[in-house]
Structure formats: structure tokens, C-alpha cells
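**Q**
Numbering (full-length UniProt numbering), first residue to last: 1 to 689.
(1) With distance defined between alpha-carbon atoms, name the residue in 69, 227, 650 and 408 nearest to residue 289.
(2) How long is the line joining the alpha carbons of residue 35 and residue 89, rounded to whole angstroms?
(3) For residue 306 and residue 277, what's the separation of their Cα atoms in angstroms?
(4) My output table needs one value for residue 152: the three-state DSSP class, helix, strand or coil.
(5) Is it right to say residue 355 is buried, meaning 16 or more other beta carbons lie within 10 angstroms of its own, or is it exposed?
(6) Taking 7 Å as the limit between beta carbons, can you name the residues of its chain near residue 325, skipping five residues before and five after?
(7) Tell me the DSSP secondary structure of residue 333 in three-state form.
(8) According to DSSP, simplified to helix, strand and coil, what is residue 295?
(9) Taking the runs of the alpha helix (DSSP H) that are 4 residues or longer, which of them lie wholly in the UniProt domain "CCDC113/CCDC96 coiled-coil" (521-656)?
(10) With three or more beta-carbon pairs closer than 8 Å as the criterion, would you say the stretch 140-159 touches the stretch 57-66?
(11) When the distance is taken between beta carbons, is residue 232 closer than 7 Å to residue 137?
(12) Between the C-alpha atoms of residue 499 and residue 132, what's the straight-line distance to the nearest angstrom?
(13) With 16 as the cutoff for other CB atoms within 10 Å, does residue 467 come out buried or exposed?
(14) Let me confirm a value: residue 247 is counted as buried when at least 16 other C-beta atoms fall within 10 Å, else exposed. Which label applies?
(15) Using 7 Å as the threshold, is the C-beta distance between residue 260 and residue 252 below it?
(16) Taking 7 Å as the threshold (C-beta atoms), are residue 215 and residue 87 in contact?
(17) Mind checking residue 628: buried by the 16 CB within 10 Å criterion, or exposed?
(18) How many angstroms separate the CA atom of residue 206 from the CA atom of residue 170?
(19) Following the continuous beta strand (DSSP E) through residue 209, name the residue where it begins and the one where it ends.
(20) Mark residue 495 as exposed unless 16 or more other C-beta atoms lie within 10 angstroms of its C-beta, in which case mark it buried.
(21) With a 10 Å radius around its C-beta and 16 neighbouring C-beta atoms as the bar for buried, classify residue 680 as buried or exposed.
(22) Since I believe residue 254 is in contact with residue 282 (beta carbons under 8 Å), could you give me their beta-carbon distance rounded to a whole number of angstroms?
(23) I need the boundaries of the alpha helix (DSSP H) containing residue 81, first residue and last residue.
(24) Measure the alpha-carbon distance for residue 26 versus residue 96 and round it to whole angstroms.
(25) Looking at the structure shown, is residue 131 part of a helix, part of a strand, or coil, going by DSSP?
(26) Taking just the CA atoms, how far does residue 195 sit from residue 514?
(27) Note down, in chain order, each residue of its chain lying with its Cβ closer than 6 Å to the Cβ of residue 242, except the 5 sequence neighbours on either side.
(28) Taking just the CA atoms, how far does residue 528 sit from residue 562?
(29) Taking DSSP as the reference, what is the three-state secondary structure of residue 488?
(30) Who does residue 238 pair with in a DSSP beta bridge?
(31) Can you check DSSP and say which residues form a bridge with residue 252?
(32) Give me the Cβ distance between residue 328 and residue 200, rounded to the nearest whole Å; I'm assuming they're in contact under 8 Å.
(33) Strictly by DSSP, which residues pair up with residue 270?
(34) Between which residues of its own chain and residue 168 is the CB-CB distance below 7 Å, once the five residues before and five after are set aside?
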């Protein structure tokens, strides 16, 4: 399908961008085809292009958003594979270009029309759903050493900024009037039917990082496409709209427009509690590529669909009465590494659910008396542990005191021996009072150390409790702040709807309110950018301040003599630099002269070679002519000898007439020799030339 026809169809849904899209389509058509069409036709998987740490960053961003949605009892976002492709390409576009809504729409239309080559307008309205675009592009800090860990942390910090912007927060954490409740895992979740799936794109280079998020509505989502065995394909997914049910799966070739495999509800496993489906069917190796597509068809009244019923017949399915809701190329989705991680997470979730159920069953079966008993046992154990710690400390103190007593006894023995020696020399010194004082000080210090350790433990416990309380207060205040922001936005909308224009005495239109919203969102984005700039400038300012302080400290330490020595060294180095620059200039001049001489000699050599070729050609021609003359000369010589023999024979018979005829022949031969001599002289002149 031609891209201009697609844009004309898009004009009917969005009249605002009618003229802009038509003018830019011709300029950007070739770029989009080269970027997107080639990537969809690659033989290797699209998801193998990104580096592993960027995949981790995408997962971390999605996890942070889903955690906040879980705190608000909202439905978790599911990943949309097609929007992942679009956002990855658009994030690469934002690295070197500014934001362009028209370019993003062209990418979206081209991919969908490449995969969904439909002529029916109703089916296009079902496929091309409205989506909300959120993006951030920022540069690294100046003089920062880049590494994978720094880029990873910087991407996650930028991911948190989506939740600070009012417009992006409305798309990511929206609370619409169409929200309905659903019970899931012992709690109530508020499901938003408008925004239930997301596509993430992350790109980076040496200077900038760009993140693109697209939030959209989907009735059904792929969770896995894989090959469990040879010539088989396994497809898993999740139904997000409970008013519809999956009815058929079709695999067909895009180029040949030919159906490869059609499967009805009799070969589909469906879990009504989790709203998940699974199907396994045969498929050849050649059919597992990007040119083959998997379609999911849905139907109203899901309760009337009977799954895993062998009585049905998939060939009798009428696709006219069904709705196509999702399409995907036959590629491995997600990656093998992501599949292993998802399997591990699913196993952990199942184990946690089993443990939780077992714990709840055990708690319900036990009596209150046992709970109290366990509580008292816990207290008794804690007291017993504390008492054991005290006993161990007392034992250690007793051991230390014993060692001290033994050392004192040994010291006394040594002192007695010293006394005996001093008595011999009439010298005696009493040191008993000092020994008693040392014992008293040692015991006091041991008790003081023990008391300090106990106080330290108590202080640590106190501060840990205070930290937990402060964290809880912070979480409560953040939730209140978010609620106040949302209430303030709702109040703004209510006031704007009730406001009256003093000139026309009429209520403001919704278009005016939407324009005001757009302006406010733009200013909030500008504020975010300014905050980033301020942070960068602040960091650079602090670095410059530190460097100035270091320079001041160095300047204080320097003396006048050192300063003069440095000045002299600086002068000598400058002189050397000047001499080297002069030598460089001389070498450059010599280089230029040598280059000119070489070019002149090359030109002369070419001219001489051409001239030699001409002379060589003339020489070849002359040699050919010489060869011809030599052959003629040999023939003439042979005829001469023959004629000479004939004349000698005839002279005997004839008289004077024969002599005259012989003279005539000699004259002719002499003329021939003259011509040959002239030719040889001409040849010699050419050779000299």
C-alpha cells in the first residue's frame, strides 16, 4: 500500500495534522522505509540488537512503574512488542534530532500498514488504537567518565522523572471514570481499560540518552512466542478485555497472502481466572520467520466459547464475523534470556503463593492459645539469649581477672627477688601502693567498656526504630502529596468547565481547556529540563570551587624563590616551543617543495613515456618494412644468380646480343641497390631521433 494513501486515511481521524503530515511525508518517506522496513525484514531477531545492560534498564523502568501502580491498586502494564520496535527506532531518532510528533506518527502508520495490510476501515480502526507518547532526552554531565554502571544509573534516574511530570503521570497513573474493580490474590485491583499496555525504547550514545514510553489500550497481548520442539510453535497471551474472548489463531504469509495454519477454540487452552491462553501446533522451519504473521481473532460473549473441544472444525471458521485484535511476526518473543528470567519469576511467585496459602491454613487451624504460647516462647528465648550473652561477658571478665591475678602474683615474685638483690646493695623501693592503684583502675575500665557496649546496642536499636518510623511517615506523605496533586488537577478542570468568558458571557469550550492543559504540560517539561540544567551547573560550580581552593592552597605554600624558579622554567619552555614551531614551519616548507618537485617529475615522466611509446611504434613499423625489403632482396639475388647462369650458358651460343642484354640486367640491379642504400640512411636518421 502506498504511504500517501495511508496518510490520507489518517487525515480523516486527525484533522489537526492534515497539512503538516502531507508536506512532510514526501521528505521522510525514504528515511522511514530504510530504517523500519529493513529492520523488519532482517533475518536475525530484533531483540538481539540492544546491549544487555540496556535490557536491564528497560526492565527496571517497567518494574518501577508497575510497583507504583500496585501501590495505588491499579492494573500492571503488559508489554506491547510492536510498540517496543517503534519506540526503539524513535529513541535512536531523538539522539541527534528534536522531538517530532509527525515523524512518530509516520513510523507508527508505516509499521502497522506493513503488518496490517487491510482495506476495510473498520478493521483499521480496531488495529490503530489511540496511544500516548512520553519521552525524555538528556545529556551527560560535563567531564564525567562514562561507564556502563553510570549510564545504567543515569537511565533509571531519568525514568523516575516521568512520574514527576503532570502530563506523563496522568498517562502512567490515570484514574478515569471508566475504572472497574476486580478481585485478584486476596485484594481488590482497579483496572483502567484505556491504558493497560506499554512499549519502551532506550538508546544512548557518547553524549545523550533518550527514553521513549508509549501507553495504549489493547484487548489482548502476546506474552510468549517460542519453539519448544522441532516443527512446533507455542503461543501464549493474556486477555485484557473481559467482554471479549479469543476464538481463533491464524498464521499466514504476508508476501504470498496465503494462510499457512488456522486454529479454532478446540485447540486453545484458556484459564478463566487468570485470563490467559495457550496453544501449540505444528509449523515448519522455513515458516518460522518475519514474513509470516500470527493473527489473534476475538469474539463477543466469551462465556459461550467452548475451549479444548475436539468436536469442532477449524476449517469452518468465518472470519467475517470476528475481530482482529493483535498481530505479530513469527519470531521468538521475548528473548531466551528473558524467557528464563520470566520462568524463574513465575516459579518464585507460585512458590510464594503456595507458602502463603499454607501459612494461612496453618494459622486458621491453630488456636489462639498456641499463638500466645508461641509469643511467650519467643519472649522467653529472647530473654534466655540476653542472659546467655551476659553470662558469656561475666565469664570473659572472670577469665581476664584470673589472668590479671596470675600476672600480679608473678609480678610479686619478681619484685621479691628484686628486693633481695637491692637489699644486698642497700637499696629498697616500695611499690605496693602503685600496684593496688593499677588493679583498681583496670577493674574500673573493664566495667566502663562493658557499659559502653550495652549503651551502644541500645542506641542502635533506638535509631533503627526511628528510621523505620521516618520511612513510614515519608511514604504516607508522598501518597498524600500525590493525592493532593490529582485532586488539584480535577479541581482545575471543574473550575475551568464552570468558568465564563467576560466578553462573550459563555462557558469556555473544551478546546480552550485542552490548549491550557497542553501549555501547562509544556511548561512542566521546561521546568524539568531547567532542573536538569541547574543540577549540572551546580555540580560544575562545586567542582570549579574545589579546584580554585586547591589552587589557592598550592599558591600559599609557594615562596618567592619557588615562584621565580617556575617563571624561569616557563620562559625556557616557551623558547623551546618557539624553536620547535620554527623547525616545524621549515619542515613544512621543505615538504611542500619536495611535493612540487615530485609532481613536476611525475608529469615529465608521463610525457617522456608517451613520447617513447610513439617512437617505439615507429621503430616497429620500420623494422617490418626492413624485413619486407630483405625478403625482396633475397628473391632478387636468387633471380640474379639464376639469370647469370642462364647468360653464361647463352653466351656460348650467342654473340654480342647476349652481352648487351647482360649489361641491361646489371643496370637494373644497380638501381635496386641505390634504393636500398637510400632506405638504410633514412632508417639510421630515425634511430638517431
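For every residue, glycine included, the Cβ atom is placed at its ideal position computed from N, Cα and C.
**A** Judging by the given coordinates:
(1) Among 69, 227, 650 and 408, the Cα nearest to that of residue 289 is on 227.
(2) Low confidence applies here, because residue 35 scores a pLDDT of 44, under 50, leaving its location unreliable; read the following figure in that light. Distance between the alpha carbons of residue 35 and residue 89: 8 Å.
(3) Rounded to whole angstroms, residue 306 to residue 277 spans 13 Å at the Cα level.
(4) For residue 152, the secondary structure class from DSSP, reduced to helix, strand or coil, is helix.
(5) Only exposed fits residue 355, as fewer than 16 other CB atoms lie within 10 angstroms of its CB.
(6) For residue 325, where only same-chain residues beyond five positions count, the Cβ hits under 7 Å are 126, 219, 220, 296 and 298.
(7) In the three-state scheme derived from DSSP, where H, G and I count as helix and E and B as strand, residue 333 is classed as strand.
(8) Residue state, collapsed to three classes: strand.
(9) 560-653, all fully within the UniProt domain "CCDC113/CCDC96 coiled-coil" (521-656).
(10) Yes: at least three Cβ pairs fall under 8 Å.
(11) For the pair residue 137 and residue 232, the CB atoms are not nearer than the 7 Å cut-off.
(12) In a straight line, the C-alpha of residue 499 is about 28 Å away from that of residue 132.
(13) If you draw a 10 Å sphere on the C-beta of residue 467, you find fewer than 16 other C-beta atoms in it, and that means exposed.
(14) Classification of residue 247: buried, given that the 10 Å Cβ count is 16 or more.
(15) Judged by beta-carbon spacing, residue 252 lies within the 7 Å limit of residue 260, meaning their Cβ atoms are closer than that value.
(16) No; because the gap between Cβ atoms is not below 7 Å, this pair is not in contact.
(17) Exposed, by the Cβ-count rule.
(18) Note on geometry: alpha-carbon atoms of residue 206 and residue 170 lie some 32 Å from one another.
(19) Unbroken beta strand (DSSP E) run through residue 209: 208-216.
(20) Answer is exposed; the Cβ neighbour count stays below 16.
(21) Residue 680 comes out exposed.
(22) About 20 Å; that fails the 8 Å criterion.
(23) Taken as a continuous stretch (DSSP letters only), the alpha helix (DSSP H) holding residue 81 covers 81-96.
(24) Because residue 26 carries a pLDDT of 44, less than 50, the predicted location of this residue cannot be relied on, and the following value inherits that uncertainty. In a straight line, the C-alpha of residue 26 is about 21 Å away from that of residue 96.
(25) Assigned with DSSP and collapsed to three states, residue 131 falls in strand.
(26) Whole-angstrom Cα-Cα distance: 20 Å.
(27) Here the set comprises nothing.
(28) Note on geometry: alpha-carbon atoms of residue 562 and residue 528 lie some 50 Å from one another.
(29) In this structure, residue 488 counts as helix in the three-state DSSP scheme.
(30) The partner list for residue 238 (beta bridge, DSSP) reads 221 and 276.
(31) For residue 252, which the question treats as bridged, DSSP gives the partners 259 and 293.
(32) At roughly 17 Å, the Cβ-Cβ gap does not stay under 8 Å, so residue 328 and residue 200 are not in contact.
(33) Paired residue(s): 277.
(34) These residues qualify, in order along the chain: 134 and 162.
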